[in-house]
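So the structure is just underneath, and the comments pick up after that.
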Amino acid sequence: MMSTRAEKASTAARDTTRRIAMGKRSGIWKEELFKYVLILCIVIAFVTLLALIIHSAWLGRSRLDLNLITQMPSTLDPETSGMQSAIWGTVILMVGVLVTVVPLGISAAVYLEEYADTERWWNRFIELNIQNLAAVPSIVFGILGLAYVVREGFAFGPVAYAGSLTLAMLVLPTVILASREALKAVPDSIRQASYGMGATRWQTVWHQVLPVAVPGMITGTILAMSRAIGETAPLLLVGATTFVTFNPDSAFSGAYTAIPVQIFQWASRPQPEFRELAAAGVILLIAVLLIMNSAAIWLRNRYSRYDL
Amino acid sequence: MTSQTSTDAFTDTRGHVPPVMATRGLNVYYGDFHAVDDVNLDFNRREVTALIGPSGCGKSTVLRSLNRMNDLIPSARIEGEVTYHGQNIYQPKIDPIEVRRRIGMVFQKPNPFPKSIFDNVAYGPRVTKMKVDSMSDLVEQSLRRAALWDEVKDNLKGSAFGLSGGQQQRLCIARAIATSPDVILLDEPCSALDPIATAAIEDLMTDLKQEYTQIIVTHNMQQAARISDTTAFFTAGLDQDNGKRIGRLVEYNDTSTIFNNPAEKSTEDYVSGRFG
């Protein structure tokens with residue numbers, strides 16, 4: 022009896038060993054299939070992106086010159102027309118978004134992660150709403166901005182900072198969510214150690230938690246900015262003008278336009294010269310995005326000196 | 062009234078001079094879960110007290126209630142008294158921050174801050190705004206007392222993560238003593254370390270007895286026997302009311318008594334390795 026059981030066991034063991042050795046695990050083809058499906062997904066995404074960029078670059082190749090940056094837009098001379106006013110507009114818009122969204126977003130994230138008692142219904146209510154806001158279409162923020170930033174409420178009028186504030190509202194949920202993720206990733210042992218030393222909550226957050234979370238927060242913020250920089254619809258609603266031949270006076274006065282708005286205006290014109298300009302504008306916008314993302318990576322590496 | 066309670070709390074159960082810390086009728090709850098039931102302990106000056114027992118018996122919970130680290134868990138609730146020099150640290154007017162400045166803590170996994178070795182040690186004195194003549198002297202002194210100075214003196218600006226696990230844990234001890242607490246709580250400080258690093262920590266704890274009262278939670282019976290003067294044995298029993306698991310203090314006495322001549326059968330079974 023004992024010997025048969027032992028024999029059975031050893032036979033089973035030999036069977037398993039042989040199957041593993043010969044690579045005949047059941048369901049191995051599923052694993053292979055899954056891998057190829059994943060690769061296919063990456064290829065589709067990559068090829069689509071590459072096709073768009075190459076198409077735009079080819080179409081706008083003749084207009085990728087200094088005029089694009091140094092000249093003002095012109096309806097008469099598409100050959101030498103540029104988008105200086107739009108570039109300046111975008112720069113002012115983005116600075117406005119940055120100074121608004123960083124303090125608001127990071128404070129909100131720190132409150133929700135480090136201070137709020139998530140058992141309380143109001144904190145859960147805030148959390149739920151932030152997640153929902155991240156999914157609201159940008160045009161809705163445009164209408165909100167028109168009503169409460171441009172006309173009533175703040176009543177800034179159709180100036181650049183009104184656009185900044187609208188875009189800031191649009192990307193605020195993204196910044197909050199990314200910053201919360203960065204804070205969540207800080208090991209709790211660090212907080213415990215800090216409290217154990219007799220540090221206050223503020224000291225713990227300021228000296229220990231934030232420095233570790235900053236790289237993640239920077240990444241999240243830059244990604245949010247990348248979204249804001251390409252937005253057109255809400256800007257059209259809050260007063261970005263489609264055709265301005267001068268740079269905005271300041272963030273709080275004068276007409277302004279932005280790169281995507283300018284591209285939108287060119288692309289809707291029938292003449293092929295303006296199509297080329299639009300394509301060149303697209304390449305410029307992508308270049309700006311690339312620079313921003315590179316800056317994000319550089320900053321992240323610079324600030325994460327100590328590996329966890 | 063307060064003084065009357067305190068005097069009662071200080072009637073030492075084992076005939077020593079007034080203990081540095083004591084618990085009276087300590088109950089800890091996490092929400093509905095009753096984690097620790099009615100613990101009465103005295104922690105004597107410049108002694109090492111070991112809290113031993115199987116997993117889930119509440120010994121870490123007791124340890125963490127001694128410097129109000131349980132306050133950080135929103136659902137945790139405490140009944141009874143924990144006194145520090147006769148003062149109940151759970152009185153409403155007591156600031157938990159102040160408590161933790163005097164009762165330091167070393168954790169299970171070495172958890173240095175993601176900063177330099179120097180800044181790790183200097184953090185406590187800085188955040189508690191200690192009056193320090195020379196921070197570098199204080200850092201050196203703390204590292205020397207933690208038996209780490211010779212290994213790190215040329216690399217004080219280097220990241221604490223560059224150290225080995227045992228060195229990191231000694232850094233955590235150096236960090237804890239930099240604020241001159243008089244009690245140090247150690248929550249299984251050697252469980253993540255190899256035997257050589259463990260021996261170094263044990264030697265260090267023996268040295269530190271000259272100045273500090275130490276309370277250590279350990280799963281290692283030999284360790285408790287080697288370094289502690291008194292030992293408290295906890296076990297997990299069943300709650301009479303609802304049949305759920307509950308941590309209880311079984312026996313508390315001199316370490317030699319606990320290991321050689323325990324009063325309770327379950328203590329003997331545990332220390333001789335028959336269960337747990």
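First to last, the protein sequences are chains A and B.
Just so you know, we're using our numbering here: the first sequence kicks off at 22 and counts up by one.
Just so you know, we're using our numbering here: the second sequence kicks off at 62 and counts up by one.
Ideal placement from N, C-alpha and C gives every residue a C-beta, glycine not left out.
Residue i versus the options, residue with shortest Cα-Cα distance
i: A:V131; options: A:E148, A:R82, A:A33 and A:A245; result: A:E148
i: A:E100; options: A:L311, A:L256, A:E297 and A:A279; result: A:E297
i: A:P179; options: A:W319, A:I74 and A:L256; result: A:L256
i: A:R82; options: A:T240, A:F55, A:I318 and A:V303; result: A:V303
i: B:G117; options: B:K326, B:R309 and B:P186; result: B:R309
i: A:A183; options: A:A234, A:A34 and A:V116; result: A:V116
i: B:G334; options: B:G92, B:I113, B:L204 and B:I139; result: B:I113
i: B:W210; options: B:M191, B:I178 and B:G223; result: B:I178
i: B:N142; options: B:P135, B:Y151, B:S136 and B:D103; result: The sequence shown places Glu at residue 142 of chain B, rather than the Asn named in the question. The shortest C-alpha separation from B:E142 is found at B:Y151.
i: B:T274; options: B:T316, B:R163 and B:V213; result: B:R163
i: B:T110; options: B:R231, B:M196 and B:A83; result: B:A83
i: A:T225; options: B:P175, B:N105 and B:G147; result: B:P175
i: A:W287; options: A:E135, A:A66, A:A199 and A:M104; result: A:M104
i: B:V278; options: B:A297, B:C251 and B:L299; result: B:C251
i: B:H146; options: B:D103, B:N281 and B:A183; result: B:D103
i: A:A107; options: A:I318, A:P293 and A:L306; result: A:L306
i: B:G119; options: B:R106, B:E108, B:H95 and B:I134; result: B:H95
i: B:L247; options: B:R125, B:L224 and B:V89; result: B:R125
i: A:T262; options: A:G251, A:L133, A:P281 and A:R290; result: A:P281
i: B:N131; options: A:I160, A:Q213 and A:I284; result: A:Q213
i: B:P323; options: B:V244, B:R306, B:L87 and B:T291; result: B:T291
i: B:D315; options: B:R306, B:D330 and B:F294; result: B:F294
i: B:V167; options: B:F222, B:D93, B:V160 and B:A237; result: B:A237
i: A:Q292; options: A:T96, A:I197 and A:M313; result: A:T96
i: B:G92; options: A:E140, A:F267 and A:A129; result: A:E140
i: A:P208; options: B:P173, B:P115, B:G86 and B:S121; result: B:P173
i: B:Q284; options: B:D300, B:G298, B:L265 and B:Y184; result: B:L265
i: A:L114; options: A:T278, A:I239, A:W223 and A:A176; result: A:T278
i: A:S215; options: B:V244, B:I276, B:V89 and B:D180; result: B:D180
DSSP bridge partner residues for residue i (one or two, in chain order)
i: B:I139; result: B:V89
i: B:A293; result: B:L112 and B:Y313
i: B:I59; result: Because chain B in this structure spans residues 62 to 337, residue 59 of chain B falls outside the shown range and cannot be described.
i: A:G330; result: Only positions 22 to 329 of chain A appear in this structure, which leaves residue 330 of chain A out of reach.
i: B:M8; result: It is not possible to answer for residue 8 of chain B, since the shown part of chain B is limited to 62 through 337.
i: B:I277; result: B:A111 and B:L247
i: A:S271; result: A:S274
i: B:D98; result: B:R309
i: B:V167; result: B:L247
i: B:S220; result: B:S177
Under the three-state DSSP convention, the category residue i falls into
i: B:T122; result: helix
i: A:K29; result: helix
i: A:F177; result: coil
i: B:S252; result: coil
i: A:S289; result: coil
i: B:S197; result: helix
i: A:S315; result: helix
i: A:V226; result: helix
i: B:R187; result: helix
i: B:G214; result: Reading off the sequence shown, one finds Lys at residue 214 of chain B, where the question assumed Gly. Three-state result, B:K214: coil.
i: B:D330; result: helix
i: A:T121; result: helix
i: A:V265; result: coil
i: B:I134; result: coil
i: B:L127; result: coil
i: B:T259; result: helix
i: B:M266; result: helix
i: A:I243; result: helix
i: A:G237; result: helix
### Query
Can we say the segment 120 to 130 of chain A touches the segment 184 to 198 of chain A, given the rule of at least three CB pairs closer than 8 Å?
yes
### Query
Mind pulling the alpha helix (DSSP H) runs of 4 or more residues that sit fully within the segment 51 to 100 of chain A?
87 to 91
#### Entry: Segment contact flag, the segment 70 to 86 of chain A with the segment 52 to 61 of chain A, C-beta cutoff 8 Å, min 3 pairs
no
### Message
Taking 8 Å as the cut-off, does the segment 254 to 263 of chain B touch the segment 129 to 143 of chain B (at least 3 CB pairs, one atom from each stretch)?
### Response
no
### Task
Could you tell me whether the segment 311 to 327 of chain A touches the segment 242 to 251 of chain A, where touching means 3 or more Cβ pairs closer than 8 Å?
yes
### Query
Using 8 Å as the Cβ pair cut-off and three pairs as the minimum, do the segment 227 to 240 of chain A and the segment 147 to 162 of chain A touch?
no
### Message
Ignoring anything shorter than 4 residues, give me the alpha helix (DSSP H) runs that lie fully in the segment 174 to 223 of chain A, in order along the chain.
### Response
181 to 205 and 209 to 217
### Query
So, do the segment 201 to 213 of chain A and the segment 133 to 147 of chain A have three or more beta carbon pairs nearer to each other than 8 Å?
yes
### Touching by the beta-carbon criterion (3+ pairs, under 8 Å), the segment 188 to 205 of chain B and the segment 222 to 230 of chain B
no
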